[in-house]
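Trainee: Below is one structure. I have some questions about it.
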Amino acid sequence: MVTLSRKFSTATSDSLTYISHKQFSQNPQKSTPFYQIQQQQLEHLKSRIVTTLDGCKNLTQIKQVHARILLSDLEQSCYVLAKLIRTLIKLNFPVDPYPRSIFNRVKYPNPFLYNALIRGYLIEERLNESIELYSLMRKGGAGPLSFTFTALFKACGAKMNMSLGRQIHGQTILVGGFDEDLHVVNSMIDMYIKCGFLEFGRKVFDEMPKRDVISWTELISAYAKTGNMESAGELFDGLPVKDMVAWTVMVSGFAQNAKPREAIMVFEKMQESGVETDEITLLGVISACAQLGAAKYADWIREVAEKSEFGGKHSVVVGSALIDMYSKCGSVGDAYRVFQGMKERNVYSYSSMILGFAMHGRAHDAMKLFDEMVTTEIKPNRVTFIGVLTACSHAGMVEQGWQIFELMEKCYGIKPSADHYTCMVDLLGRAGRLQEAHELVKTMPIEPHGGVWGALLGACRIHKSPDIAAIAANHLFELEPYCIGNYVLLANVYASCGRWSDVSTVRKLMRARGLRKNPAFSWIESEKGMVHEFFSGDMTHPRSGEIKQALEDLLERLEAKGYQPHLSSVPYDVNDEDKRRILMIHSEKLALAFGLISTLPGSEIRIVKNVRICEDCHSVICGASQIMGREIVVRDIMRFHHFHDGICSCGNFW
DNA sequence: CTAGGGTTAG
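Each residue of the first sequence is one higher than the last, beginning at 8 in the working numbering.
Structural data, given as structure tokens:
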């Protein structure tokens, strides 16, 4: 054995130490200088080992490779050993003891080796060990690499460990150079954002000598997530080169902040600018279309999705989003067709479909799909159960609901959340079992949130139960004092019982808190895809005269068949004639009348409403579907109503 | 060998 090569004292290069004479003599390339041959041979061996490691699937295989390394001249090679450690960690082996022991035997570990181990500890969320190793690396004279910092920042962000993050920030300056490394600084910004200190991230951003599209996008995304679309938009406008991710952040930002029209507008601009689109961009647009609930947009975005390069058939994510969208646009049939056409399905696909059926009152289909789901590999999650419970609730299936509710924890290990209790309260409340519902709220093991009391209050509205309504409302007035809907609901309950002095007390409370009622409105798509909006009593539509006439004709025909206006739906202390007039001009009735005169006889009418449908409108639309022979679909704030031949899919139960 | 975007419920 001849010692040929230098001992690598600088820890940044690979610590190769020896090469055997035997290996050398087998190589007859006499004209090549000595060290070049050994380099070549070792490089060859290294790359063979790395390839083998990439193919390793289990511990036995890795140990074989390790044995080969130990017998070769690569026994101290940081490059190969780092790869070995990374492979182990990729296969989910804990850092201790095996990968750590490999590291411990290396005399001069280089930063790559340190980094492999640090990353391992980070994955195990052992932040302290990572930091210890980092200090050891510094003490040993090895310089850190930028990805050591990025990994550390990432871990601090995930653990929301701001103080440690700031220390590491200090290190980047101390070590020198890294505070100008884009990878490092960008992950630092991300760390501050994840720790909830957006302004710190912004400060770093403002002081950066050079920034790239990633720095910008991080901040735009952070503003969008806090709902500050103005700041997001300002930054975005100033971004010199907008790439796909930056555009996508704006699209999904608007979608997540309930600004679907803006989301679609940004998407259209994105397409004009010629930037590529991928499925994540589409998710934002699809979600926006779902919020709009307009069939025109639904078909448009499905076409865009199908034309895009990720396959004519939908991917799991896009497919699942489309299912949700079609359900919310009133087309459960289309939603189910997408569901059936998907090659692969996940928990989103099933949950969205179950929720879709539930929203449309197709409880039986929802349950059937749930039964099918549990035979697959896909595990139901908390959202799935919200779908199943909603289905029970909308169909008045109290007993099945209780069964599912118990099954959830027993068989699937999902602890009922406040949202699940909301479903149960809704289920009992709708079925008229208000006392039981109230009892459940009082005895639930977790703190009831606004949703739970809101469900109880909503049930009191249907069953005209002012006493429990007052209890629920008082909780709500504390939990969410500025939520206008609760005051309106309580006032409506009092009004329906004729307790007018209580109604005016609630109205006074509203005024005292500076709250004003949101105007109710409905909208409908005409045949040409135009959207027509109607407010209550709205006579601004160009065809108002015809609309009024059509409505009067309709009501006349209904009265001839025994229809009586539900005067108790009017929350004002006025005479019956005025109540009749108020009911007559409800926005959904105007939209319905416009639908009747503006669409072809026999075609479907779709109406969307921003609040719950009232009882009187519900019965009028039921009658209209029969007399006029029309399918009518109404989406209110809670669910869908499919009216067909005088019957609604909700079974008069909403 | 590292930095940015995502779907269901509420």
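All C-beta atoms in this analysis are idealised placements derived from N, C-alpha and C, irrespective of residue type, glycine included.
Quick caveat: nothing in here was measured; it's all calculated off a predicted structure.
1) Find out if the Cβ-Cβ distance for the pair leucine 129, serine 137 is shorter than 7 Å.
2) Please report the Cβ distance between phenylalanine 650 and isoleucine 628, rounded to the nearest whole angstrom; I am assuming they are in contact, meaning their Cβ atoms lie under 8 Å.
3) Quick one: residues in its chain with C-beta nearer than 8 Å to the C-beta of proline 473, no 5 flanking neighbours on either side, listed in chain order?
4) Does the beta-carbon distance from threonine 224 to alanine 262 come in below 7 Å?
5) Applying the criterion that 16 or more other CB atoms from any shown protein chain within 10 Å of the CB defines a buried residue, is glycine 260 buried or exposed?
6) Could you tell me if glutamine 45 is buried or exposed, where buried requires 16 or more neighbouring beta carbons within 10 angstroms of its beta carbon?
7) Would phenylalanine 302 and cysteine 296 be called neighbours here (beta carbons separated by less than 7 Å)?
8) Can you grab the Cα-Cα spacing for the pair proline 106 / aspartate 433, in whole Å?
9) Go through its chain and collect everything with a Cβ distance to asparagine 659's Cβ below 6 Å, but skip five positions before and after it.
10) May I ask you to report which of helix, strand or coil DSSP gives glutamine 33?
11) Measuring only the C-alpha atoms, how far is isoleucine 26 from lysine 53?
12) With 16 as the cutoff for other CB atoms within 10 Å, does glutamate 532 come out buried or exposed?
13) Quick one: grab the DSSP three-state call for phenylalanine 542.
14) So is isoleucine 308 buried or exposed if we call it buried at 16+ other beta carbons inside 10 Å?
15) Going by C-alpha distance, which of Arg613, Thr157, Thr94 is nearest glutamate 534?
16) Helix, strand or coil, according to DSSP, for serine 202 in the structure here?
17) Taking Cβ to Cβ, would you say valine 258 is nearer than 7 Å to phenylalanine 274?
18) For serine 576 versus aspartate 623, is the C-beta spacing smaller than 7 Å?
19) With C-beta atoms as the reference, is phenylalanine 212 less than 7 Å away from isoleucine 227?
20) Express the C-alpha separation of threonine 255 and isoleucine 271 in angstroms, rounding to a whole number.
21) Under the assumption that leucine 124 contacts asparagine 168 (Cβ atoms under 8 Å), give the Cβ distance between them as a whole number of angstroms.
22) Identify which residue in Gly544, Arg587, Lys422 has its Cα closest to the Cα of serine 529.
23) According to the neighbour-count rule (16 or more other Cβ atoms, all chains shown, within 10 Å of its Cβ), is isoleucine 92 buried or exposed?
24) Nearest-angstrom Cα distance between cysteine 655 and valine 640?
25) Given that a residue counts as buried once 16 or more other Cβ atoms are within 10 Å of its Cβ, and exposed if not, what is glycine 461?
26) Between which two residues does the beta strand (DSSP E) harbouring arginine 642 extend?
27) If I measure Cβ to Cβ from glycine 439 and keep anything under 7 Å in the same chain, skipping five residues before and after, which residues do I get?
28) In its own chain, which residues sit with a C-beta less than 8 Å from the C-beta of proline 118, not counting the 5 before and 5 after it?
29) Quick one: complete alpha helix (DSSP H) runs, 4+ long, within the region 279–345?
30) Terminal residues of the continuous beta strand (DSSP E) containing phenylalanine 412?
31) Under the rule that 16 or more other beta-carbon atoms within 10 Å means buried, what is serine 632, buried or exposed?
32) Kindly identify the DSSP beta-bridge partner or partners of lysine 616.
33) What residues in its chain sit with their C-beta under 8 Å from that of leucine 607, if we drop five residues either side in the sequence?
34) Would you kindly work out how many angstroms separate the C-alpha atoms of arginine 268 and leucine 565, rounded to a whole number?
35) Express the C-alpha separation of leucine 362 and valine 395 in angstroms, rounding to a whole number.
36) Is aspartate 250 near valine 220, with beta carbons less than 7 Å apart?
Mentor: To lay it out plainly:
1) By one-based count along the first sequence, residue 129 stands at place 122. By one-based count along the first sequence, residue 137 stands at place 130. Yes, the Cβ-Cβ distance between leucine 129 and serine 137 is below 7 Å.
2) Numbered from 1 along the first sequence, position 643 holds the residue referred to as residue 650. Numbered from 1 along the first sequence, position 621 holds the residue referred to as residue 628. About 5 Å separates the two Cβ atoms, so the contact holds.
3) Numbered from its first residue, the first sequence carries residue 473 at position 466. Cβ neighbours of proline 473 beyond the five flanking positions: Cys467, Val500, Tyr501, Cys504, Arg506, Asp509.
4) Here residue 224 refers to the residue found at position 217 of the first sequence. Here residue 262 refers to the residue found at position 255 of the first sequence. No; because the gap between Cβ atoms is not below 7 Å, this pair is not in contact.
5) Taking the first sequence and counting its residues from 1, the one referred to as residue 260 is at position 253. Burial call: buried.
6) Start at 1 with the first residue of the first sequence, and residue 45 comes out as number 38. It counts as buried.
7) Taking the first sequence and counting its residues from 1, the one referred to as residue 302 is at position 295. Taking the first sequence and counting its residues from 1, the one referred to as residue 296 is at position 289. Here the sequence assigns alanine to residue 302, which means phenylalanine is not the residue at that position. It is not a contact, given that the beta carbons lie outside the stated cut-off.
8) Along the first sequence, one-based indexing puts residue 106 at 99. Along the first sequence, one-based indexing puts residue 433 at 426. Answer to the nearest angstrom: the Cα atoms are 54 Å apart.
9) Here residue 659 refers to the residue found at position 652 of the first sequence. Once the five neighbours on either side are set aside, asparagine 659 has no close Cβ partner at all.
10) The sequence position of residue 33 within the first sequence is 26, counting from 1. Model confidence at glutamine 33 stands at a pLDDT of 45, short of 50, so the residue's coordinates are unreliable; what they give is reported in the following sentence. If DSSP states are grouped into helix, strand and coil, glutamine 33 belongs with coil.
11) The residue given as residue 26 occupies position 19 in the first sequence. The residue given as residue 53 occupies position 46 in the first sequence. Confidence in isoleucine 26 is poor, its pLDDT being 33 and thus under 50, which makes the residue's placement unreliable; the coordinate value appears in the next sentence. Roughly 13 Å between the two C-alpha positions.
12) For this step, residue 532 is matched to residue 525 along the first sequence. Result: buried.
13) By 1-based counting over the first sequence, the position of residue 542 is 535. It is a strand residue.
14) Residue numbering aside, residue 308 sits at position 301 when the first sequence is read from its first letter. When all chains shown are included, isoleucine 308 counts as buried.
15) Against the first sequence, residue 534 aligns to sequence position 527. Considering only alpha carbons, the answer is Arg613.
16) In the first sequence, residue 202 corresponds to position 195, counting from 1. Rather than serine, the amino acid found at residue 202 in this sequence is cysteine. Correct three-state label for cysteine 202: coil.
17) Here residue 258 is taken as the residue at index 251 of the first sequence, counted from 1. Here residue 274 is taken as the residue at index 267 of the first sequence, counted from 1. A contact, by the Cβ cut-off of 7 Å.
18) Locating residue 576 in the first sequence gives position 569, counting from the first residue. Locating residue 623 in the first sequence gives position 616, counting from the first residue. Their beta carbons are under 7 Å apart, which means serine 576 touches aspartate 623 by this criterion.
19) Along the first sequence, read from residue 1 onward, the residue named residue 212 stands at position 205. Along the first sequence, read from residue 1 onward, the residue named residue 227 stands at position 220. It is not a contact, given that the beta carbons lie outside the stated cut-off.
20) Counted from its first residue, the first sequence places residue 271 at position 264. Counted from its first residue, the first sequence places residue 255 at position 248. Spanning the two alpha carbons is a distance of roughly 11 Å.
21) On the first sequence, residue 124 is found 117 positions in, with the first residue counted as 1. On the first sequence, residue 168 is found 161 positions in, with the first residue counted as 1. Actually they do not touch by this definition, with Cβ atoms about 20 Å apart.
22) Start at 1 with the first residue of the first sequence, and residue 529 comes out as number 522. The shortest C-alpha separation from serine 529 is found at Gly544.
23) As a position in the first sequence, residue 92 is number 85, starting the count at 1. Counting Cβ neighbours within 10 Å, isoleucine 92 comes out buried, since at least 16 surround it.
24) Your numbering for residue 655 matches position 648 in the first sequence. Your numbering for residue 640 matches position 633 in the first sequence. For cysteine 655 and valine 640, the distance between alpha carbons rounds to 9 Å.
25) Here residue 461 is taken as the residue at index 454 of the first sequence, counted from 1. Label assigned to glycine 461: buried.
26) Residue 642 sits at position 635 when you count from the first residue of the first sequence. It spans 639–642 - the beta strand (DSSP E) in which arginine 642 sits, taken as one unbroken run.
27) Locating residue 439 in the first sequence gives position 432, where the first residue counts as 1. Once the five neighbours on either side are set aside, the close Cβ partners of glycine 439 are His470.
28) Taking the first residue of the first sequence as 1, we reach residue 118 at position 111. Correct list, in chain order: Ala18, Thr19, Met144, Ala149, Gly150, Pro151, Leu152, Thr155.
29) 286–299, 302–314, 323–335
30) As a working note, residue 412 is residue 405 in the first sequence. Run containing phenylalanine 412: none in the beta strand (DSSP E); it sits in the alpha helix (DSSP H), 405–419.
31) Mapped onto the first sequence, residue 632 falls at position 625. Result: buried.
32) The residue given as residue 616 occupies position 609 in the first sequence. Paired residue(s): Ser529.
33) As a first step, residue 607 must be located in the first sequence, where it is residue number 600. Glu534.
34) To locate residue 268, count along the first sequence from 1; it is residue 261. To locate residue 565, count along the first sequence from 1; it is residue 558. If you take the alpha carbons of arginine 268 and leucine 565, they lie about 38 Å apart.
35) Working through the first sequence from its first residue, we reach residue 395 at position 388. Working through the first sequence from its first residue, we reach residue 362 at position 355. If you take the alpha carbons of valine 395 and leucine 362, they lie about 7 Å apart.
36) Residue 250 sits at position 243 when you count from the first residue of the first sequence. Residue 220 sits at position 213 when you count from the first residue of the first sequence. It is a contact, given that the beta carbons lie within the stated cut-off.
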